[in-house]
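Protein chains: 2
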Amino acid sequence: MSILVIGTVAYDAVSTPEHNQRQSLGGSATFFSLAASYFAPVSVVAVVGEDFRGEDLAMLQGHQIDTRGLVRARGKTFRWVAEYGADFNEAQTLDTQLNVLADFNPILAPEARTPSFLFLANIDPDLQQSVIGQLQAKPRLVAGDTMNFWIQGKSESLSKVIGSVGTLLINEGELRMLTREPNLVKGARQVLQQGPRMLVVKRGEYGAICFTREDVFATPAYPLETVVDPTGAGDTFAGGFMGYLAATEDLGIENVRRAMIVGSVMASFAVESFGPERLQGLTPQAIQQRYHEFWRLTYFDGTGQRPLPIRGG
Amino acid sequence: MSILVIGTVAYDAVSTPEHNQRQSLGGSATFFSLAASYFAPVSVVAVVGEDFRGEDLAMLQGHQIDTRGLVRARGKTFRWVAEYGADFNEAQTLDTQLNVLADFNPILAPEARTPSFLFLANIDPDLQQSVIGQLQAKPRLVAGDTMNFWIQGKSESLSKVIGSVGTLLINEGELRMLTREPNLVKGARQVLQQGPRMLVVKRGEYGAICFTREDVFATPAYPLETVVDPTGAGDTFAGGFMGYLAATEDLGIENVRRAMIVGSVMASFAVESFGPERLQGLTPQAIQQRYHEFWRLTYFDGTGQRPLPIRGG
Numbered sequence: 001m002s003i004l005v006i007g008t009v010a011y012d013a014v015s016t017p018e019h020n021q022r023q024s025l026g027g028s029a030t031f032f033s034l035a036a037s038y039f040a041p042v043s044v045v046a047v048v049g050e051d052f053r054g055e056d057l058a059m060l061q062g063h064q065i066d067t068r069g070l071v072r073a074r075g076k077t078f079r080w081v082a083e084y085g086a087d088f089n090e091a092q093t094l095d096t097q098l099n100v101l102a103d104f105n106p107i108l109a110p111e112a113r114t115p116s117f118l119f120l121a122n123i124d125p126d127l128q129q130s131v132i133g134q135l136q137a138k139p140r141l142v143a144g145d146t147m148n149f150w151i152q153g154k155s156e157s158l159s160k161v162i163g164s165v166g167t168l169l170i171n172e173g174e175l176r177m178l179t180r181e182p183n184l185v186k187g188a189r190q191v192l193q194q195g196p197r198m199l200v201v202k203r204g205e206y207g208a209i210c211f212t213r214e215d216v217f218a219t220p221a222y223p224l225e226t227v228v229d230p231t232g233a234g235d236t237f238a239g240g241f242m243g244y245l246a247a248t249e250d251l252g253i254e255n256v257r258r259a260m261i262v263g264s265v266m267a268s269f270a271v272e273s274f275g276p277e278r279l280q281g282l283t284p285q286a287i288q289q290r291y292h293e294f295w296r297l298t299y300f301d302g303t304g305q306r307p308l309p310i311r312g313g
Numbered sequence: 001m002s003i004l005v006i007g008t009v010a011y012d013a014v015s016t017p018e019h020n021q022r023q024s025l026g027g028s029a030t031f032f033s034l035a036a037s038y039f040a041p042v043s044v045v046a047v048v049g050e051d052f053r054g055e056d057l058a059m060l061q062g063h064q065i066d067t068r069g070l071v072r073a074r075g076k077t078f079r080w081v082a083e084y085g086a087d088f089n090e091a092q093t094l095d096t097q098l099n100v101l102a103d104f105n106p107i108l109a110p111e112a113r114t115p116s117f118l119f120l121a122n123i124d125p126d127l128q129q130s131v132i133g134q135l136q137a138k139p140r141l142v143a144g145d146t147m148n149f150w151i152q153g154k155s156e157s158l159s160k161v162i163g164s165v166g167t168l169l170i171n172e173g174e175l176r177m178l179t180r181e182p183n184l185v186k187g188a189r190q191v192l193q194q195g196p197r198m199l200v201v202k203r204g205e206y207g208a209i210c211f212t213r214e215d216v217f218a219t220p221a222y223p224l225e226t227v228v229d230p231t232g233a234g235d236t237f238a239g240g241f242m243g244y245l246a247a248t249e250d251l252g253i254e255n256v257r258r259a260m261i262v263g264s265v266m267a268s269f270a271v272e273s274f275g276p277e278r279l280q281g282l283t284p285q286a287i288q289q290r291y292h293e294f295w296r297l298t299y300f301d302g303t304g305q306r307p308l309p310i311r312g313g
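For the record, the sequence lines run as chains A and B. In this text, residue positions in the first sequence follow the working numbering: the first is 1, and each later residue adds one. In this text, residue positions in the second sequence follow the working numbering: the first is 1, and each later residue adds one.
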């Protein structure tokens, strides 16, 4: 099944203690669609400026991403300038230049109004809601992401979006901000009472955890010796997660668990290079191999066939 | 096989946003030995003051903990006063009164000099080294813990201890402080080059990760709706971990993985109450049940019998 993603395409300028990159292709829709493209057909709806490079468009199309919804508007592409400290835990935004994003109003083409899987990447919740309103059939799965900026600035609009999506993917810090609840389990329950049947909490270098009303699944992140740039890891996770679900057409909980690992696998590749570099040209073998490494990272014999040697037990 | 632990016994005064407890039994040796006692015979070497309550001694003995090495000295028991914020991530120490701990010099009784498993809980590294020097036979496993105070104040003594232990258990933040390396994998490799064959990094609410030269195993922590007091979670983890290894007498990597989960299980109980309350009177069923819940929390089908549906793959 195919996936439609609405989000941002950006040029990022990112500094880390060891590197800096001036004009790196970024944005939520970019990372998401690249990661998802390894598993399912993806169509992207986003806006770029007149400065958008032909080679970047060609790269996306080279990954069989449908870019007919990539609108080129007058002005410059959205630009994000940020810096990471030594621990890579949080980016400090130095500058945000909305440029063409300021007037973006996503209009779905007729053929894009019946997606099976829809991902509302991090953009203005009013735009996310407008996209939901343009759908002509109920998708199999609608998932959404957001960020602190909208939680603080557009909480009412965001509440409506959260009430409309089946799955919310969100950073742990942003979940706490959204729910005003320091306890993760209580915060998760709050979100699941607002509409979503599934909540995926992204925890950066600590992995991810998925809550439904009946199930909890947690995975650590892959411990990497080389982390170059964490930008886009969350959107890449979402792309792997949705891509796998769309490819397998199975929303059962055992398959969702595998999708969480696929998301983690793709995110682990994303941070190994600047921008989406490493997400280009991954081989099926490399993806399969890291999936297996996740299994080995987390496997233990817990089937209960071997009872614990508890004294007096 | 039996375990010998050298550490502290304390009275803690802990405040959290919702509770405060004035005189709670604490200390690294207390949490460790209670957790380990569910799996293997434990002997504790520590010092207490004249104010040490008979009921606390009786409680430890009620868990079949050998307290012959619990020296009662003139003066008051070691006292720690601390406060947690809403997120429970780190305690702020408000006051430390060493009291009898100031002059503590652990002397092993002749029958305590040949332990199979030895845990050097967080105390002055010079005392840890002195204990190692008193051994009359090489234990199956010597594990040690430490804290920021010794990393900053006694780094040379601590280096010697780290060179002498087979396993180092340490908090993630303290590993970074010790190695001056923000990257976890690189920091782990540094430690494994200094002597230990195994490094267990405790990550609080994010779980724990174990490095050997050949293997990495990571587990998330159990997502708890009620966290009352995180004090002692790390020592409790160590107690479950060592207790399970001592009971099974198997230091193979698959068994170490199970021990990591048993440590996590015991730590998840510890934080559900003030001090070591919840660690008293656990049933074998409760322990076995939570072990199974960890399995369910982290299980996914990753055996590779079902290849990923990668496009073009």
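All C-beta atoms in this analysis are idealised placements derived from N, C-alpha and C, irrespective of residue type, glycine included.
Identify which residue in B/P230, B/G302, B/Q280 and B/R306 has its Cα closest to the Cα of B/Y37.
-> The question names Tyr, but residue 37 of chain B in the sequence shown is Ser. It is B/Q280 whose Cα lies nearest to the Cα of B/S37.
Could you list which residues in chain D have their beta carbon closer than 9 angstroms to that of A/G187, in chain order?
-> Annotation note: the requested chain D is absent from the structure, which comprises protein chains A and B.
Can you list, in chain order, the stretches of the beta strand (DSSP E) that have 3 or more residues and sit fully within the segment 96-144 of chain B?
-> Correct list: 117-120 and 141-144.
Buried or exposed for A/P230, please, with buried defined as at least 16 other CB atoms from any protein chain shown within 10 angstroms of its CB.
-> Classification for A/P230: buried.
Out of A/S33, A/T146 and A/Y244, point me to the one whose CA is closest to A/Q64's CA.
-> Closest option to A/Q64, Cα to Cα, is A/S33.
Determine the closest residue to B/E293 out of B/I261, B/V47 and B/A40, with distance taken between C-alpha atoms.
-> The shortest C-alpha to C-alpha distance from B/E293 to any of B/I261, B/V47 and B/A40 is the one to B/I261.
From B/V14, B/L4 and B/R72, pick the residue whose C-alpha is nearest to that of B/E83; which is it?
-> Minimum Cα distance to B/E83 is reached at B/V14.
Contact belief for B/T219 with A/P220 at Cβ below 8 angstroms, rounded distance in angstroms | About 7 angstroms; that satisfies the 8 angstroms criterion.
Cβ-based burial, B/D145 [other Cβ within 10 Å; buried from 16] = So B/D145 ends up on the buried side.
Under three-state DSSP, which class holds A/D56?
-> Here A/D56 sits in helix by DSSP.
Cβ-Cβ separation, B/L224 to B/E181 (assumed contact under 8 angstroms), whole Å = No, B/E181 and B/L224 are not in contact; Cβ-Cβ is about 31 angstroms, not under 8 angstroms.
Closer than 8 angstroms, CB to CB, is A/N183 near chain B or not?
-> Yes, A/N183 lies at the interface with chain B (some Cβ there is under 8 angstroms from its Cβ).
If A/Y222 and A/S264 are in contact, beta carbons under 8 angstroms, what's the gap, nearest whole angstrom?
-> Right, their Cβ atoms sit about 7 angstroms apart.
Measuring CB to CB, does B/M242 end up less than 8 angstroms from B/A143?
-> Closer than 8 angstroms, so yes.
How is B/E205 classed by DSSP in three states: helix, strand or coil?
-> The answer is helix: DSSP assigns B/E205 an H, G or I state.
What residues of chain A sit near B/E376, judged by a beta carbon separation below 7 angstroms?
-> Any answer about residue 376 of chain B is impossible in this case: the structure gives chain B only from 1 up to 313.
Cβ-based burial, A/L274 [other Cβ within 10 Å; buried from 16] | Residue 274 of chain A is actually Phe in this sequence, not Leu. Label assigned to A/F274: buried.
Going along chain B in order, which residues have a C-beta closer than 8 angstroms to the C-beta of A/D66?
-> Chain B residues near A/D66: none, gap ~14 angstroms exceeds 8 angstroms.
Step through the CB atoms of chain A and report whether any lies within less than 8 angstroms of the CB of B/D301.
-> For B/D301, a Cβ of chain A is located within less than 8 angstroms of the residue's own Cβ.
Per-residue DSSP class, three states only, for A/R213 | Reduced to three states, the DSSP call for A/R213 is coil.
Nearest-angstrom Cα distance between A/Q128 and A/N20?
-> Roughly 32 angstroms between the two C-alpha positions.
Proximal residues of chain A, C-beta to C-beta of B/E83 below 8 angstroms = Under the 8 angstroms cutoff, chain A gives no residues; its nearest Cβ is about 15 angstroms from B/E83.
Grouping DSSP H, G and I as helix and E and B as strand, with all else coil, what is B/A40?
-> The answer is coil: DSSP assigns B/A40 none of H, G, I, E or B.
Within 10 angstroms of its Cβ, does B/G232 collect 16 or more other Cβ (buried), or is it exposed?
-> Burial is judged here by how many other beta carbons sit within 10 angstroms of a residue's own beta carbon; B/G232 has at least 16 and is buried.
If the cut is a Cβ gap below 9 angstroms, which residues of chain B does A/V262 touch?
-> Within chain B, the residues near A/V262 are L308.
Considering A/F78, what are the terminal residues of the alpha helix (DSSP H) in which it resides?
-> From DSSP, A/F78 is part of no alpha helix (DSSP H) but of the beta strand (DSSP E) over F78 to Y84.
Is B/P106 near B/I162, with beta carbons less than 8 angstroms apart?
-> It is not a contact, given that the beta carbons lie outside the stated cut-off.
So B/V228 packs on A/N183, CB below 8 angstroms; how close in whole Å?
-> In this structure, B/V228 and A/N183 do not form a Cβ contact; the two beta carbons are roughly 11 angstroms apart against a cut-off of 8 angstroms.
Establish whether the CB of B/G144 and some CB of chain A are separated by less than 8 angstroms.
-> Any Cβ of chain A closer than 8 angstroms to the Cβ of B/G144 would place that residue at the interface, and such an atom is absent.
Same chain, Cβ closer than 8 angstroms to A/N148, neighbours up to 5 away in sequence not counted = Only G173, E174 and M177 meet the Cβ criterion.
Simplified DSSP state of B/D235, which is helix, strand or coil = When secondary structure is reduced to three states using DSSP, B/D235 falls in the helix class.
Which residues in the same chain have their Cβ closer than 8 angstroms to the Cβ of A/G207, if we skip the five residues on either side of it in sequence?
-> So the qualifying residues of the chain are A218, T219, P220, A221 and S264.
Check whether the Cβ atoms of B/T77 and B/V9 sit closer than 8 angstroms, and answer yes or no.
-> With contacts defined as CB atoms closer than 8 angstroms, B/T77 and B/V9 qualify as a contacting pair.
Quick one: measure Cβ to Cβ for B/A40 and B/I3, integer angstroms, because I've assumed they're closer than 8 angstroms.
-> So it is a contact: roughly 6 angstroms between Cβ atoms.
How about B/R180: is its Cβ closer than 7 angstroms to a heavy atom in the ligand ATP?
-> The model on display carries no ligand, and the ligand ATP is accordingly not part of it.
Express the C-alpha separation of A/D301 and B/R258 in angstroms, rounding to a whole number.
-> Cα to Cα, B/R258 sits roughly 7 angstroms from A/D301.
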